[in-house]
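These notes concern the structure reproduced below.
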Amino acid sequence: MDRRRMELLRQIQELQFAAVELTLFMDIHPEQKQPLADYNRIAEHLRSLMDEYEKLYGPLMPFGQSTVENRWSWTDEPWPWQL
Amino acid sequence: MWIYEKKLEYPAKVSRPDAKMAKLLLAQYGGPDGELSAALRYLTQRYTMPTGKTKALLTDIGTEELAHLEIIATLIYKLMKDVSLEEIKEAGAAGYYIHHDRALYYTDANGVPWTAAYIQSMGDPVTDLHEDMAAEQKARTTYEHLIQMTDDPDLIDTLRFLREREVVHFQRFGEALNLVQEHYAHRHVF
């Protein structure tokens, strides 16, 4: 597993965790404006990092959620529990 | 990780409230060959599958089973939503009502709570895939029994979709079993 891949994955995890936290918070406090602005900024950044990751290492999601170039690389190892 | 998608995989409609069918559908909610058993079975067996393809297949079918669990839950919810206590008693669902009212709980059609004893994870992919194929056939049969018990065309439509998915899963598991057997034939691990 190359270093660039591990770095990108870590960045994606950090951003997505922030998005998870904001989701839970806004579920109970939907009226606040700042968390919503943060959420949208994070979501955009997250999407661009995931696009970059997928271009280099294959799809992060099945079921039509990611496009797949050339060949069906979804099945490629390592799976998350092999890292 | 998993992310929830706020939509069903397939429409889950019912024509009328029906406590009897709600009770019977629990077979596929918290029963031995139901959707919860299926999802948890494949999602725990996937770790010790030997190849990328078989890891992918168990992950993806396990995930689809969670979508089916949601469809079954939706059907039961809709069938129970407006039923009277009288209908609940007539359907033999009074015992369920005492413990759960109209809430969703993981039992089979007889009220037996879900248990991990319904599933296996043997660490031998040939063994596990045989279990998975058998589980899909048992689920298909259960759907056929359920379809025989109702004349509600909307309910039947959704049950037919779920029945068909069992057939497709069985087919894919069979192909996965062939791949695994070839994989080991070339490796001589025994």
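The listed protein sequences correspond, in order, to chains S and R. Note that the working numbering has the first sequence beginning at 1, numbered continuously upward. Note that the working numbering has the second sequence beginning at 1001, numbered continuously upward. The C-beta atom is built at its ideal place from N, Cα and C for all residues, glycine as well. Model, not experiment: these values are computed from the prediction.
Reduced DSSP category for residue i - H, G, I as helix; E, B as strand; rest coil
{"i": "R:T1051", "result": "coil"}
{"i": "R:P1113", "result": "strand"}
{"i": "S:T75", "result": "helix"}
{"i": "R:T1107", "result": "strand"}
{"i": "S:D38", "result": "helix"}
{"i": "S:M50", "result": "helix"}
{"i": "R:K1013", "result": "coil"}
{"i": "R:E1087", "result": "helix"}
{"i": "R:W1002", "result": "coil"}
{"i": "R:S1037", "result": "helix"}
{"i": "S:G64", "result": "coil"}
{"i": "R:M1149", "result": "coil"}
{"i": "R:D1101", "result": "coil"}
{"i": "S:E69", "result": "coil"}
{"i": "R:H1068", "result": "helix"}
{"i": "S:Q32", "result": "coil"}
{"i": "R:L1179", "result": "helix"}
{"i": "R:I1119", "result": "coil"}
{"i": "R:H1186", "result": "coil"}
{"i": "R:M1133", "result": "helix"}
7 Å Cβ cutoff, residue i in contact with chain R
{"i": "S:D27", "result": "no"}
{"i": "S:E77", "result": "yes"}
{"i": "S:P35", "result": "no"}
{"i": "S:P62", "result": "yes"}
Own chain, CB closer than 7 Å to residue i, minus 5 neighbours either side, in chain order
{"i": "R:L1057", "result": "R1172 and A1176"}
{"i": "R:E1087", "result": "A1019"}
{"i": "R:I1071", "result": "L1008, E1009, Y1010, A1012, T1158 and L1162"}
{"i": "R:M1049", "result": "K1055, L1058 and P1125"}
{"i": "S:E54", "result": "L60 and S66"}
{"i": "R:Y1096", "result": "K1023 and G1111"}
{"i": "R:L1040", "result": "I1119"}
Neighbour-count burial assignment, residue i, 16 or more Cβ in a 10 Å radius
{"i": "R:S1084", "result": "exposed"}
{"i": "S:M61", "result": "exposed"}
{"i": "R:G1062", "result": "buried"}
{"i": "R:E1136", "result": "buried"}
{"i": "R:D1128", "result": "buried"}
{"i": "R:Q1028", "result": "buried"}
{"i": "R:Q1148", "result": "exposed"}
{"i": "R:K1089", "result": "exposed"}
{"i": "R:G1034", "result": "buried"}
{"i": "R:I1098", "result": "exposed"}
{"i": "R:A1134", "result": "exposed"}
{"i": "S:G64", "result": "exposed"}
{"i": "R:V1180", "result": "buried"}
{"i": "S:V20", "result": "exposed"}
Contacts around residue i, its chain only, beta-carbon distance under 8 Å, and the 5 residues preceding and following it disregarded
{"i": "S:P35", "result": "L22, F25, M26 and H29"}
{"i": "R:R1140", "result": "R1163, E1166, V1167 and F1170"}
{"i": "S:L56", "result": "R4, R5 and L8"}
{"i": "S:A18", "result": "D38 and I42"}
{"i": "S:W74", "result": "G58, P59, P62 and V68"}
{"i": "R:D1082", "result": "P1017"}
{"i": "R:Y1106", "result": "Y1029, G1030, L1036, P1113 and W1114"}
Close Cβ partners of residue i (< 6 Å) along its chain, the five nearest in sequence each way excluded
{"i": "S:M6", "result": "none"}
{"i": "R:K1006", "result": "none"}
{"i": "R:M1021", "result": "L1079 and T1150"}
{"i": "R:S1037", "result": "Y1118 and I1119"}
{"i": "R:M1122", "result": "D1128"}
{"i": "S:D76", "result": "G58"}
Beta carbon proximity, residue i to chain S, threshold 7 Å
{"i": "R:Y1184", "result": "no"}
* Listed in chain order, which residues of the region 1035-1069 of chain R have Cβ atoms closer than 7 Å to some Cβ of chain S? -> Residues Y1047, G1052, K1053, K1055, A1056 and D1060.
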